[in-house]
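Take a look at the structure set out below.
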Amino acid sequence: MSISQTLLLLFFFTFLSLSQPQPQSPSDVPSTTVCIIGAGIGGSSVSHFLRKYSPDSTPFTKILIFERNPVVGGRMATVTIAGDTFEAGASILHPKNLHAVNYTKLLNLKVKPPSLESNSLGIWNGKKFVFKTVKISSYDIALIDRFLKLPFIEYLVSYIVSLYNSVLLLVRYGFSLLKMQNFVESAVDKFSKYYEGDESRPIFESVDEMLKWSGLYNLTTRSLKDELVDAGLSPLLINELITVITRINYGQSVHMSGLAGAVSLAGSGGGLWSIEGGNWQMAAGLINQSDVVLHLNEEIKSVAHVGDYYELNSTKGNSYTCDVAVVATPLDELNIQFNPPISIPERKLQHTYTTFVRGLLDPVYFGLKAESKIPELVGTIEDPDLPFSSISVLKKHNEKESTYKIFSRQPMADTLLDSIFSARKETIRINWAAYPHYHAPEIFAPFILDGRHLYYVNAFENAASTMETSCVAAENIARLMLSRYFGQVILPSSLTPSSQGEGEHSDL
Ligand SMILES: Cc1cc2nc3c(=O)[nH]c(=O)nc-3n(C[C@H](O)[C@H](O)[C@H](O)COP(=O)(O)OP(=O)(O)OC[C@H]3O[C@@H](n4cnc5c(N)ncnc54)[C@H](O)[C@@H]3O)c2cc1C
């Protein structure tokens, strides 16, 4: 081989090696910063799924979460009254809420199973209970246990009582109950499609597209009442039991949109559970595991697109530069300034007033002779004169004292509470901007707010507002962001608990 041929070959190989993709050392990989506004289950889930789905070539993505409150969890929060702690916001999870089930395992959280004691239900119309199930307390069970020394007597009594109550329900509402169950099961089955593997589940650019794919979209175009009438449910069931459920779970009537209605009915079935010590621990655990820089007590007041990045400014006077920004909170009652401005459909939030009382209900208010005759869950029908949606016993301390939770659409004034309770030791009131006020047809805000890299998790809340729907929306946002920003097919990388954040990680 001549010298010129050798040089030519050398040049050729040099050229080849230069044109081949070079394995990048970690320091070569440009760092990408994702900023998330809100540390509820939505924001924390975005961080979790970003880490889960991030391709190995982008391990240096920085995730910043901003939370205006001193704690994480958002609408998953607890309240402590007279030394006992209870869920103040989102309290129950459905057995088929698979993301929550997975988080519980991943984060080693303890599941609080549904109580054995079946709560008695009474439907109150302002004058009388139009329907009541029978009540059996732990005191009654202990009494039976004393006389009949049988193994598993507690289970047996609870089983017989719940069977008897099912018969009572069947006598009043007939086979409409089965039709209701079918309606709920069909919606739950369709929702389960969101757990299908990534190979068969597309990445959705809009809420409409996401709901159409699972077959749930049509339920958002009609009211729950219209859906139930078409499904053959009786007016009695719709106006009583179903109204009670929608008032408890969403503070709204059966005129709410069908999908949110179906979700609320699913939240009244069996097997409901929660996290021992508080559901907020899901958000805390996900943030801890996702190598996030968490900024507590830092409210974002503006988001500006400058050049090819976003600038977030906080009320503390700090400014942050991010490649991608995610809004993980409902924007409806916030005053975040967007530049350029964004446009989302107007949406009203339903305010739910949650009042916790440690004391004793007054039987006189309910026209009864003894407090023990008041059902543990008092639900109400739709009547503007009724001052509350529901009253439920959270814990019976003794014969003279229980802790109650009241849901109402208006604040519960002291004079009103004094007429309902014979004794009140402590009262705590929370005004929640709780969830969207649902009305069909629902109009959805975009997932992508500006056509670039500004995302909105809570656009999905018009479908239904639950911890699990936030997780499902967050997963889609994480996949959408990764596919649009890095332009590649996302393969789940094995999820390894990553190290703690960068000094700023607050103690949760
Ligand atoms: C009373 C009540 C009962 C409920 N019951 C249930 C139930 O039993 N089961 C169920 O599944 N769901 C229930 N829900 C609904 C559930 O709580 C919500 O759907 C879910 O928690 C929403 O989570 P998120 O992360 O999307 O929003 P959020 O939890 O609202 O989180 C948003 C976070 O963003 C923060 N934030 C807002 N603006 C800014 C800003 N500018 N800068 C920084 N941070 C900001 C907020 O402080 C908040 O922490 C209930 C809700 C309420 C209110």
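In this text, residue positions in the sequence shown follow this note's numbering: the first is 1207, and each later residue adds one.
Every residue, glycine too, gets a C-beta built ideally from N, C-alpha and C.
Contact test: residue i Cβ vs ligand 1 heavy atom, cutoff 7 Å
i                  : result
serine 1676        : yes
glutamate 1517     : no
tyrosine 1661      : no
phenylalanine 1562 : no
glycine 1248       : yes
serine 1297        : yes
arginine 1635      : no
glycine 1473       : yes
arginine 1630      : no
tyrosine 1641      : yes
phenylalanine 1715 : Because the chain spans 1207 through 1714 in this model, residue 1715 falls outside it and cannot be assessed.
arginine 1658      : no
methionine 1282    : yes
glycine 1244       : yes
isoleucine 1506    : yes
alanine 1534       : yes
asparagine 1668    : no
isoleucine 1451    : no
Given residue i as reference, the closest of the options once Cα atoms are compared
i                  : options                            : result
lysine 1522        : Gly1246, Asn1275, Ser1608, Ser1260 : Asn1275
isoleucine 1247    : Leu1304, Arg1281, Ser1260          : Arg1281
serine 1237        : Ile1269, Tyr1644, Ile1243          : Ile1269
isoleucine 1271    : Met1618, Asn1668, Ala1490, Glu1674 : Ala1490
aspartate 1568     : Leu1623, Asn1388, His1659, Thr1633 : Leu1623
glutamine 1616     : Ala1629, Ser1608, Arg1635          : Arg1635
phenylalanine 1594 : Trp1330, Asp1432, Ala1629          : Trp1330
asparagine 1524    : Glu1539, Glu1504, Arg1428          : Glu1504
histidine 1243     : Asn1303, Val1340, Tyr1662          : Before going on, a small fix: residue 1243 reads as isoleucine here, not histidine. That would be Tyr1662, whose Cα lies nearest to the Cα of isoleucine 1243.
alanine 1670       : Ala1393, Gly1328, His1254          : Ala1393
leucine 1660       : Glu1415, Val1530, Val1460          : Val1530
phenylalanine 1203 : Leu1574, Arg1685, Ala1680, Glu1482 : Since the first residue of the chain shown is 1207 and the last is 1714, residue 1203 is not available in this structure.
serine 1368        : Leu1434, Val1340, Gly1289          : Val1340
glycine 1249       : Val1469, Tyr1641, Arg1378, Val1498 : Val1498
lysine 1334        : Pro1536, Ile1550, Gly1585          : Gly1585
threonine 1672     : Leu1374, Gly1657, Pro1642, Lys1606 : Pro1642
aspartate 1538     : Ile1506, Thr1633, Ile1550, Phe1627 : Ile1550
glutamate 1632     : Thr1239, Ala1288, Arg1257          : Ala1288
asparagine 1303    : Gly1693, Glu1674, Leu1686, Arg1685 : Glu1674
CA-to-CA distance, residue j to residue i, given in whole angstroms
i               : j                  : result
leucine 1697    : isoleucine 1683    : In this predicted model, leucine 1697 has a pLDDT of only 44, less than 50, meaning its place in the structure is not dependable enough to derive any value.
serine 1297     : phenylalanine 1613 : 13 Å
valine 1533     : serine 1520        : 14 Å
leucine 1478    : lysine 1318        : 9 Å
cysteine 1528   : leucine 1518       : 8 Å
glutamine 1495  : serine 1260        : 14 Å
valine 1678     : glutamate 1405     : 16 Å
glutamine 1228  : leucine 1688       : Because glutamine 1228 sits at a pLDDT of 40, beneath the cut-off of 50, its placement in the model cannot be relied upon, and the point is left open.
histidine 1305  : proline 1647       : 28 Å
proline 1408    : alanine 1629       : 56 Å
tyrosine 1559   : serine 1596        : 11 Å
leucine 1471    : tryptophan 1486    : 23 Å
glutamine 1230  : phenylalanine 1397 : The pLDDT assigned to glutamine 1230 is 42, lower than 50, so where the model puts this residue is not dependable; a value taken from the coordinates is nonetheless given after this. Glutamine 1230 and phenylalanine 1397: Cα-Cα distance of roughly 41 Å.
glutamate 1411  : phenylalanine 1255 : 17 Å
tyrosine 1370   : glycine 1328       : 15 Å
histidine 1453  : serine 1459        : Checking the sequence, you will find arginine at residue 1453 rather than histidine. Near 6 Å, if we compare the C-alpha coordinates of serine 1459 and arginine 1453.
valine 1599     : leucine 1583       : 7 Å
leucine 1566    : threonine 1427     : 43 Å
leucine 1417    : valine 1469        : 14 Å
valine 1435     : proline 1441       : 8 Å
methionine 1488 : lysine 1575        : 44 Å
glutamate 1433  : leucine 1425       : 8 Å
tyrosine 1309   : leucine 1315       : 8 Å
aspartate 1589  : asparagine 1455    : 17 Å
Check whether residue i and residue j have beta carbons under 8 Å apart
i                  : j               : result
valine 1563        : tyrosine 1610   : yes
glutamate 1273     : leucine 1492    : no
lysine 1284        : glycine 1484    : It is worth fixing the name first, because residue 1284 is threonine in this sequence and not lysine. Yes, these two residues count as a Cβ contact at 8 Å.
cysteine 1241      : tyrosine 1691   : no
proline 1581       : lysine 1431     : no
isoleucine 1451    : serine 1474     : yes
isoleucine 1548    : leucine 1384    : no
arginine 1386      : isoleucine 1448 : Correcting the residue identity first, residue 1386 is methionine in this sequence and not arginine. Their beta carbons are under 8 Å apart, which means methionine 1386 touches isoleucine 1448 by this criterion.
serine 1251        : alanine 1680    : yes
asparagine 1668    : histidine 1557  : no
glycine 1464       : serine 1429     : yes
phenylalanine 1572 : valine 1413     : no
Those runs of the alpha helix (DSSP H) which lie wholly inside the region 1512-1581 and span at least 4 residues = Within the region 1512-1581, not a single complete alpha helix (DSSP H) segment reaches 4 residues in length.
inquiry  = For a minimum of 4 consecutive residues, which ranges assigned as the alpha helix (DSSP H) are wholly contained in the region 1409-1448?
reply    = Runs of the alpha helix (DSSP H) inside the region 1409-1448: 1413-1420, 1430-1436.
key: Every unbroken beta strand (DSSP E) inside the region 1579-1607 [3 residues or more]   = Fully contained in the region 1579-1607 are the following beta strand (DSSP E) runs of length 3 or more, in chain order: 1583-1586, 1596-1604.
task = Enumerate, from N- to C-terminal direction, the unbroken alpha helix (DSSP H) stretches of 4 or more residues contained entirely within the region 1240-1314.
result = Taken in chain order, the complete alpha helix (DSSP H) segments of 4 or more residues contained in the region 1240-1314 are 1247-1259, 1304-1312.
query = For the region 1477-1510, which segments carrying the beta strand (DSSP E) assignment without a break, of at least 3 residues, lie completely within its bounds, in sequence order?
reply = If one requires a minimum length of 3 residues, the beta strand (DSSP E) runs lying completely within the region 1477-1510 are 1498-1501, in chain order.
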